[in-house]
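Right, one structure below, let's go through it.
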Amino acid sequence: MTDTVTDRFLRYVVIDTQSDPTSSTQPSTEKQKNLGRLLVEELLAIGLSDAHLDEHGYVYATIPSNADKPVPVICFCSHMDTAPDFTGTNVTPQIVRNYGGGDIRLSGDRQQIIRVVDHPALNDQIGNDIITTDGTTLLGADDKAGIAEIMTAAKILVDNPDIKHGTIKILFTPDEEIGRGVDKVDLEKLGARFAYTMDGETAGHIEDETFSADGVEITIQGVAIHPGFAKGKMENAIKIAGAIINRLPKNVAPETTEGREGFVHPTGVTGSMEKAALNLIVRDFNDDGLAAKEAILERIVQEVMADYPGSSYGFRVKPQYRNMKAILDRHPEIIQNAVEAIRRAGMEPVRGSIRGGTDGSRLSFMNLPCPNIFAGGHAFHSPLEWVSRQDMEKAVKTIVELAKIWEERA
1 MTDTVTDRFL RYVVIDTQSD PTSSTQPSTE KQKNLGRLLV EELLAIGLSD
51 AHLDEHGYVY ATIPSNADKP VPVICFCSHM DTAPDFTGTN VTPQIVRNYG
101 GGDIRLSGDR QQIIRVVDHP ALNDQIGNDI ITTDGTTLLG ADDKAGIAEI
151 MTAAKILVDN PDIKHGTIKI LFTPDEEIGR GVDKVDLEKL GARFAYTMDG
201 ETAGHIEDET FSADGVEITI QGVAIHPGFA KGKMENAIKI AGAIINRLPK
251 NVAPETTEGR EGFVHPTGVT GSMEKAALNL IVRDFNDDGL AAKEAILERI
301 VQEVMADYPG SSYGFRVKPQ YRNMKAILDR HPEIIQNAVE AIRRAGMEPV
351 RGSIRGGTDG SRLSFMNLPC PNIFAGGHAF HSPLEWVSRQ DMEKAVKTIV
401 ELAKIWEERA
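Mapping the sequence shown onto full-length UniProt numbering, position 392 (from 1) lands on 392, and the numbers just tick up by one.
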């Protein structure tokens, strides 16, 4: 077995670990544990004797401190599941060695092309080795790149006792892609003071801000009647749901927003003439913006329902996660150390915000402050997903440097 970050990555992506939002089990799919078991084997082989997989699908391990002074315990975390958005079965990674520029046509589906115009980050990859799919599945760089990077860095730290560091915890989670990544995590067992998810995108980037996020479920009770005798009586719940969707503001949608703009996004609709349910997600960078969007949404529902006097509705908001910046700002050293590690690893650090969430956003509100560091992947959740060997290697170096910096500054 070889141990480069690329070797590990290629080993992990072929294991199908797709999570399932319709499942009520933890983890949502048993197959996520297949990767967990392999990671435990490899962690034990590295020499981390406490490595184990628990019944909920979490992998825990510890790199013991070799420092001669107290150092804050830090954790590196990545998620094992891949997104349900696109198939992750039979992943067949391809390597474009010494990329010379230009579009990349994928071998398994010639219609799938990674175009430079859509993926300008390719312009920074000339001469690098780029790993893609064959175009028929997603790749799983989100977040198996992060896992491979943490595993590789762990081996470097264990094999090089001259690199001084404090106690380092490793955590691999299931079900991040469906918002349940830390539902059953045992933070007492983990025992970390600060953490970093390796789940970001472009090399050199660190993110200390996420969306604040809610889910909204709208239930509609219509009036069902035989269609042959329905005039003036039927109130079709499916049509009511459609009318609500149709009135959502076009300029507050994922496809029309960017940067720090939030959105309202329908994710599912089910129903019959009598009953329908509409699921949406609402995103904004602050809680006031979130509340304002939810108020607009409920007003739309009320306006639509006014045309259907015999029908009724339910409107339920379910908080999902909150912007982690409020927590991270209380502990500036977390970001300062990461910025310095990125610099030492040979990159210009770029701080940013995530138009999404990570396990870290929820961990931060569970008393484990946790920003997000780049893992190098691009075009997540799609058959055009790609990552370069060199960017994964930079992430490994960043982890090692970060371990050193926490010890130096303790």
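In this text, a Cβ means the ideal position worked out from N, Cα and C, and glycines have one as well.
Predicted model, so just to flag it, every value in this text is computed and none were measured.
Since I believe residue j is in contact with residue i (beta carbons under 8 Å), could you give me their beta-carbon distance rounded to a whole number of angstroms?
{"i": "Val-59", "j": "Phe-172", "result": "4 Å"}
{"i": "Ile-206", "j": "Val-339", "result": "7 Å"}
{"i": "Ile-399", "j": "Pro-369", "result": "Actually they are not in contact, since the Cβ atoms of Ile-399 and Pro-369 sit about 17 Å apart, beyond 8 Å."}
{"i": "Val-40", "j": "Gly-191", "result": "At roughly 18 Å, the Cβ-Cβ gap does not stay under 8 Å, so Val-40 and Gly-191 are not in contact."}
Alpha helix (DSSP H) containing residue i: first to last residue?
{"i": "Tyr-12", "result": "5-13"}
{"i": "Gly-360", "result": "359-364"}
{"i": "Gln-336", "result": "332-344"}
{"i": "Asn-372", "result": "Run containing Asn-372: none in the alpha helix (DSSP H); it sits in the beta strand (DSSP E), 372-374."}
{"i": "Gln-111", "result": "Where Gln-111 is concerned, there is no enclosing alpha helix (DSSP H), given that its DSSP letter is neither H nor E."}
{"i": "Met-305", "result": "287-305"}
{"i": "Ile-147", "result": "141-159"}
Looking at the unbroken beta strand (DSSP E) that takes in residue i, where does it start and where does it end?
{"i": "Thr-173", "result": "168-173"}
{"i": "Ile-178", "result": "Taken as a continuous stretch (DSSP letters only), Ile-178 belongs to no beta strand (DSSP E), as it is neither H nor E."}
{"i": "Thr-210", "result": "205-210"}
{"i": "Gln-94", "result": "94-96"}
{"i": "Val-269", "result": "263-271"}
{"i": "Ser-320", "result": "Sequence inspection shows Gln at residue 320; the Ser mentioned does not correspond to that position. Here the beta strand (DSSP E) through Gln-320 covers 312-321."}
When you compare the CB positions of residue i and residue j, do they come within less than 7 Å of one another, or not?
{"i": "Val-269", "j": "Ala-241", "result": "yes"}
{"i": "Val-387", "j": "Ala-145", "result": "yes"}
{"i": "Glu-217", "j": "Asn-279", "result": "yes"}
{"i": "Leu-290", "j": "Asp-214", "result": "yes"}
{"i": "Ala-395", "j": "Gly-377", "result": "no"}
{"i": "Gly-88", "j": "Gln-18", "result": "yes"}
{"i": "Ile-405", "j": "Ala-341", "result": "yes"}
{"i": "Gly-108", "j": "Asp-143", "result": "no"}
{"i": "Thr-152", "j": "Asn-372", "result": "no"}
{"i": "Ala-61", "j": "Ala-51", "result": "yes"}
{"i": "Val-304", "j": "Ala-243", "result": "yes"}
{"i": "Phe-374", "j": "Thr-202", "result": "yes"}
{"i": "Ile-238", "j": "Pro-266", "result": "no"}
{"i": "Ala-277", "j": "Thr-219", "result": "yes"}
{"i": "Ser-364", "j": "Asp-284", "result": "no"}
{"i": "Leu-138", "j": "Phe-86", "result": "yes"}
{"i": "Thr-136", "j": "Gln-94", "result": "no"}
What number of angstroms, rounded off, separates the C-alpha of residue i from the C-alpha of residue j?
{"i": "Leu-10", "j": "Glu-255", "result": "32 Å"}
{"i": "Gly-200", "j": "Phe-229", "result": "57 Å"}
{"i": "Ala-154", "j": "His-79", "result": "16 Å"}
{"i": "Ala-224", "j": "Tyr-321", "result": "37 Å"}
{"i": "Ile-130", "j": "Gly-222", "result": "53 Å"}
{"i": "Gln-390", "j": "Asn-128", "result": "6 Å"}
{"i": "Ser-312", "j": "Lys-250", "result": "25 Å"}
{"i": "Ile-114", "j": "Leu-384", "result": "6 Å"}
{"i": "His-381", "j": "Asp-81", "result": "11 Å"}
{"i": "Ala-195", "j": "Arg-343", "result": "19 Å"}
{"i": "Ser-272", "j": "Asp-288", "result": "35 Å"}
{"i": "Gly-259", "j": "Arg-355", "result": "8 Å"}
{"i": "Asn-236", "j": "Glu-274", "result": "6 Å"}
{"i": "Ile-296", "j": "Gly-357", "result": "23 Å"}
{"i": "Val-96", "j": "Leu-106", "result": "10 Å"}
{"i": "Asp-103", "j": "His-119", "result": "9 Å"}
{"i": "Asp-54", "j": "Ala-45", "result": "18 Å"}
{"i": "Ala-292", "j": "Leu-48", "result": "49 Å"}
{"i": "Met-347", "j": "His-331", "result": "23 Å"}
{"i": "Asn-160", "j": "Val-350", "result": "29 Å"}
{"i": "residue 480", "j": "Gly-310", "result": "In the structure as shown, the chain begins at 1 and stops at 410. Residue 480 is therefore absent and cannot be evaluated."}
Quick one: what's got a C-beta closer than 7 Å to residue i's C-beta in the same chain, skipping five residues either side?
{"i": "Ala-148", "result": "Val-5, Arg-8, Phe-9, Tyr-12 and Met-392"}
{"i": "Gly-352", "result": "His-205 and Glu-207"}
{"i": "Thr-257", "result": "Phe-263"}
{"i": "Leu-328", "result": "Asp-208, Ile-334, Ile-335, Ser-364, Pro-369 and Pro-371"}
{"i": "Gly-36", "result": "Leu-53, Gly-57, Val-59, Met-80 and Phe-172"}
Between residue i and chain C, is the shortest Cβ-Cβ distance under 7 Å, so that the two count as touching?
{"i": "Gly-47", "result": "Of the protein chains in the structure, only one exists, and it is not chain C."}
In chain order, what residues of the same chain lie with their CB nearer than 6 Å to the CB of residue i, ignoring the 5 residues before and after it?
{"i": "Pro-27", "result": "Gly-57, Pro-174 and Asp-175"}
{"i": "Ser-361", "result": "Thr-210, Tyr-321 and Met-324"}
{"i": "Asn-34", "result": "Ile-15"}
{"i": "Glu-177", "result": "Ser-19, Asp-81 and Ala-83"}
{"i": "Gln-125", "result": "Tyr-99 and Ser-388"}
For residue i, collect the residues of the same chain with a Cβ closer than 8 Å to its Cβ; drop the 5 residues on either side in sequence, then sort them by chain order.
{"i": "Val-71", "result": "Ser-65, His-165, Gly-166, Thr-167, Trp-406, Glu-407 and Ala-410"}
{"i": "Glu-294", "result": "Asp-214, Val-216, Val-282 and Val-317"}
{"i": "Leu-157", "result": "Ile-63, Ile-163, His-165, Ile-168, Val-400 and Ala-403"}
{"i": "Ala-379", "result": "Ile-114, His-119, Glu-385 and Trp-386"}
{"i": "Ser-23", "result": "Thr-29"}
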